[in-house]
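The sequence shown begins at 3 in my numbering and counts up one residue at a time. Quick reminder that beta carbons are idealized off the backbone N, C-alpha and C, glycines included. Computed from a prediction, not measured in an experiment: that's the story for all the values here. Worksheet: one structure, shown below.
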Amino acid sequence: MRMTVIGTGYLGAVHAACMADLGHEVLGVDTNRDRIEMLANGLAPFYEPGLDELLDRGVRNGSLRFTTSMAEAAEFADVHFVCVGTPQQDGADRADLRGLHSVVDELAPLLRRDALIIGKSTVPVGTATDLASRAAGLAPADVRVELAWNPEFLREGLAVEDTLYPNRIVVGVTSGAADATIRSIYRPLLSRGTPYISTDLHTAELVKVSANAFLATKLSFINAVSDMCEAAGADVVTLSEALGYDERIGSAYLSAGLGFGGSCLGKDVRAFIARARELGIEDSLSFLREVDEFNLRRRQRTAEMARDVVGGSFAGRNVAVLGAAFKPDTDDIRDSPALAVARAAQREGARVRVHDPKAMDNARAAYPELDFSPSAEKACEDADVVLHLTEWREYSDIDPEILGSLVRERRLIDARNKLPLDRWQAAGWSVRALGRKAS
Ligand code: UGA
Numbered sequence: 003m004r005m006t007v008i009g010t011g012y013l014g015a016v017h018a019a020c021m022a023d024l025g026h027e028v029l030g031v032d033t034n035r036d037r038i039e040m041l042a043n044g045l046a047p048f049y050e051p052g053l054d055e056l057l058d059r060g061v062r063n064g065s066l067r068f069t070t071s072m073a074e075a076a077e078f079a080d081v082h083f084v085c086v087g088t089p090q091q092d093g094a095d096r097a098d099l100r101g102l103h104s105v106v107d108e109l110a111p112l113l114r115r116d117a118l119i120i121g122k123s124t125v126p127v128g129t130a131t132d133l134a135s136r137a138a139g140l141a142p143a144d145v146r147v148e149l150a151w152n153p154e155f156l157r158e159g160l161a162v163e164d165t166l167y168p169n170r171i172v173v174g175v176t177s178g179a180a181d182a183t184i185r186s187i188y189r190p191l192l193s194r195g196t197p198y199i200s201t202d203l204h205t206a207e208l209v210k211v212s213a214n215a216f217l218a219t220k221l222s223f224i225n226a227v228s229d230m231c232e233a234a235g236a237d238v239v240t241l242s243e244a245l246g247y248d249e250r251i252g253s254a255y256l257s258a259g260l261g262f263g264g265s266c267l268g269k270d271v272r273a274f275i276a277r278a279r280e281l282g283i284e285d286s287l288s289f290l291r292e293v294d295e296f297n298l299r300r301r302q303r304t305a306e307m308a309r310d311v312v313g314g315s316f317a318g319r320n321v322a323v324l325g326a327a328f329k330p331d332t333d334d335i336r337d338s339p340a341l342a343v344a345r346a347a348q349r350e351g352a353r354v355r356v357h358d359p360k361a362m363d364n365a366r367a368a369y370p371e372l373d374f375s376p377s378a379e380k381a382c383e384d385a386d387v388v389l390h391l392t393e394w395r396e397y398s399d400i401d402p403e404i405l406g407s408l409v410r411e412r413r414l415i416d417a418r419n420k421l422p423l424d425r426w427q428a429a430g431w432s433v434r435a436l437g438r439k440a441s
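Below, the structure written as structure tokens:
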């Protein structure tokens, strides 16, 4: 089937490449010329495992093209996926829907045939209905535009896998025809038995924000228990493992530590609360405010632990930071807990040196006041403390003996609970971790 994918950020670029991989003819659309040029050359504008190969294949076999022209998009297909960002509004908790509005405002008047617009962005409940009337008002009188919502659950770092092998497909539709179109787009996935939930627009929109709010709650819960473990002298890693065997709880998303960051969980929780307020049910979701605030306090707590470890003040201390991305396997630094801790130490007078395998360019551009090192070893030279803040696999392979010969003091904080601490201790490191006994 022919389709456009409008908005080629983390979500749209992956969706476009994957739809081409499923055999569709895809036109990716974005206003950002540099990004479109890279994509048209089969190159991912950000680091996402597996994406370069898919883009390259799609571009070379002609099933995937890119443009900045909305007129070309309107002419090319009658199915338009919309994947533009819905960030947090400046100075407010609500989602900023201007990107979505401008897509509809530009696309609808250009349509010459009936069309289906399928939103994938994460939105406050009610958005799809509003966009449907907006599109209907702007489209030519003889053109029927229908809106559907098909939220996306992909995780950065696993985006290609999550798109090609999703654990469910959720669609909100207002007609059987729209449902049939979406089913045929995803036929290769449905034939593999992927659960397909077809519902109304409001429910589909809410599934996505509820999923992210639930995940955020699960993390803040385990992190709160982590504080209890630390205070009582228990071990949160063992506790998580033991909880995870209970199928009702599940082992995924139960790694305690520095807490969640990234462009989704925090802003979606805030937008969910804001929408609840607009709908007059703020009290029902008030616990989410604490989920969010508690999560942000993890960063402060980690900085305090580091300050404590170097003797009560960061002034004149060398702090090595391992990790800048908000999580491993991505170069995305949006709302990165690691960089929040690095900046807090730097603001209090520490000399902070940061390393990350993939996110250095993004981190340097956003925070030029921090120092960046080309290797973990270089970042740790003469360090008074090493902070493990993003759990890249390569950090687990570090030889603590060799690193120990480079630092000024063998002091480690594992804020992600992912390092083999017994090896570090055996090499003479004093180790602190969130939710575990100090040693
Ligand atoms: C999240 C959701 O997991 C996706 O389902 C959703 O589609 C996406 O948001 C979105 O709304 O676009 P993502 O932000 O890519 O995906 O990353 P996650 O893997 O969910 O991690 C979020 C944060 O939680 C990271 O900072 C990570 O380090 C942290 N985390 C995750 C933990 O601290 N512990 C865990 O056990 C899991």
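- Would you give the residue range spanned by the beta strand (DSSP E) that Trp-151 belongs to? DSSP places Trp-151 in the uninterrupted beta strand (DSSP E) bounded by 147 to 151.
- Message: For Ala-347 and Ala-305, I'd like the C-alpha separation in whole angstroms.
- Response: So the two alpha carbons sit approximately 7 Å from each other.
- Best match in Asp-248, Ile-224, Glu-249, Tyr-247 for proximity to Asp-237 [C-alpha to C-alpha]: Checking every option, the nearest Cα to that of Asp-237 belongs to Ile-224.
- Message: Give the list of continuous alpha helix (DSSP H) stretches no shorter than 4 residues that lie fully inside the region 111 to 175.
- Response: Within the region 111 to 175, the complete alpha helix (DSSP H) runs of at least 4 residues are 129 to 140, 161 to 166.
- What whole-angstrom Cβ distance do Val-356 and Phe-374 have, given they're in contact under 8 Å? Their Cβ separation, rounded to whole angstroms, is 5 Å, which keeps Val-356 and Phe-374 in contact under 8 Å.
- With which residues is Asp-373 paired in a DSSP beta bridge? Asp-373 is bridged to Arg-355.
- Message: Let's test the definition: count the other Cβ atoms within 10 Å of the Cβ of Leu-341 and tell me whether it reaches 16, buried, or not, exposed.
- Response: Classification of Leu-341: buried, given that the 10 Å Cβ count is 16 or more.
- Query: Which residues in the same chain have their Cβ closer than 6 Å to the Cβ of Val-172, if we skip the five residues on either side of it in sequence?
  - Reply: Counting only Cβ-Cβ distances below 6 Å, and skipping sequence neighbours, we find Pro-153, Ile-199, Ala-206, Val-209.
- Query: Between Thr-196 and Arg-170, is the Cβ-Cβ spacing less than 8 Å?
  - Reply: Yes, these two residues count as a Cβ contact at 8 Å.
- Message: Can you tell me which residues form a DSSP beta bridge with Asn-320?
- Response: In the DSSP output, where bridge partners are listed per residue, Asn-320 has Arg-353.
- Query: Between Leu-53 and the rest of its own chain, which residues show a CB-CB distance below 8 Å, the 5 nearest in sequence each way excluded?
  - Reply: Excluding residues within five positions, the ones whose Cβ falls inside 8 Å are Ala-15, Val-16, Ala-19, Ala-46, Ala-161, Val-162.
- Item | Local Cβ density within 10 Å of Asp-36, reported as buried at 16 or more and exposed below that | Result: exposed.
- Task: Count the C-beta pairs between the region 94 to 110 and the region 266 to 276 that are closer than 8 Å, then say yes if the count reaches three, no if not.
- Result: Using a Cβ-Cβ distance cut-off of 8 Å, the region 94 to 110 and the region 266 to 276 are in contact, since at least three pairs of beta carbons, one from each stretch, lie closer than that value.
- Task: Kindly examine ligand 1 and report whether one of its heavy atoms sits closer than 7 Å to the Cβ of Phe-328.
- Result: It does: the Cβ of Phe-328 is within 7 Å (strictly closer) of some heavy atom of ligand 1.
- Task: Assign Met-72 to one of two classes, buried (16 or more other C-beta atoms within 10 Å of its C-beta) or exposed (fewer than that).
- Result: Met-72 counts as buried, since no fewer than 16 other beta carbons sit within 10 angstroms of its beta carbon.
- Message: Using a Cβ-Cβ cutoff of less than 6 Å, which residues in the same chain neighbour Ala-117 once the five nearest sequence positions on both sides are dropped?
- Response: These residues qualify, in order along the chain: Asp-80, Val-147.
- Item | Unbroken beta strand (DSSP E) run spanning Glu-249, endpoints | If you look at Glu-249, you'll find it isn't in any beta strand (DSSP E); DSSP assigns it neither H nor E.
- According to the Cβ coordinates, are Met-445 and Ala-322 closer than 8 Å? Given that the chain is displayed from residue 3 to residue 441, the structure contains no residue 445 and the question cannot be resolved.
- Under 8 Å between C-beta atoms of Arg-59 and Leu-29: Not closer than 8 Å, so no.
- Query: Using a Cβ-Cβ cut-off of 7 Å (strictly less than) and excluding sequence neighbours within five positions of Tyr-255, which residues of its own chain qualify?
  - Reply: Excluding positions up to five away in sequence, the list reads Leu-217, Lys-220, Leu-221.
- Limits of the alpha helix (DSSP H) - the one that Phe-289 falls within: Phe-289 -> alpha helix (DSSP H) spans 289 to 311.
- Message: For the region 395 to 406 against the region 227 to 247, do three or more pairs of beta-carbon atoms, one drawn from each stretch, fall closer than 8 Å, so that the two count as touching?
- Response: Three or more beta-carbon pairs separated by less than 8 Å are not found between the region 395 to 406 and the region 227 to 247, which leaves the two stretches without contact.
- Do Leu-203 and Trp-151 have their CB atoms nearer than 8 Å? Yes, they are a contact pair.
- Could you tell me if the beta carbon of Glu-148 falls within a distance shorter than 7 Å of some heavy atom in ligand 1? Checking the Cβ of Glu-148 against ligand 1 gives no.
- Item | Pro-339 Cβ short of 7 Å to ligand 1 heavy atom set | Using a cutoff of 7 Å, the CB of Pro-339 counts as near ligand 1, since one of the ligand's heavy atoms is closer than that.
- Tell me where the beta strand (DSSP E) around Ile-435 begins and ends. Sequence check: residue 435 is Ala here, not Ile. From DSSP, the beta strand (DSSP E) with Ala-435 extends over 432 to 435.
- Query: If you draw a straight line from the alpha carbon of Gly-318 to that of Asp-310, how long is it in whole angstroms?
  - Reply: Straight across, the Cα-Cα distance linking Gly-318 with Asp-310 is about 14 Å.
- Going by the CB atoms, is the gap between Leu-391 and Leu-260 shorter than 8 Å? Inclusion of Leu-260 and Leu-391 in the CB contact set at 8 Å is warranted, their separation being smaller than that value.
- C-beta atoms of Ser-123 and Val-84 nearer than 8 Å: Yes.
- Task: Rounded to whole angstroms, what's the CA-CA distance from Gly-430 to Leu-408? Just pull it up for me.
- Result: Roughly 13 Å separates the two Cα atoms.
- Task: Would you mind working out which of Phe-155, Leu-102, Ser-186, Gln-427 sits nearest Ala-134, comparing C-alpha positions?
- Result: Selected option, being the one with the closest Cα: Leu-102.
- Task: Compare the beta carbon distance of Gly-264 and Lys-329 with 8 Å and say whether it is the shorter of the two.
- Result: Yes, these two residues count as a Cβ contact at 8 Å.
- Query: What do you get for Lys-439, buried or exposed, if any count of 16 or more other CB atoms within 10 angstroms of its CB means buried?
  - Reply: When all chains shown are included, Lys-439 counts as exposed.
- Thr-240: CB within 7 Å of a non-hydrogen atom of ligand 1: For Thr-240, the CB stays at least 7 Å from every heavy atom of ligand 1.
- Task: Answer with buried or exposed for Tyr-167, where buried requires no fewer than 16 other C-beta atoms within 10 angstroms of its C-beta.
- Result: So Tyr-167 counts as exposed.
- Excluding sequence positions up to five away, which residues of its chain have a Cβ less than 7 Å from the Cβ of Arg-291? For Arg-291, where only same-chain residues beyond five positions count, the Cβ hits under 7 Å are Ile-275.
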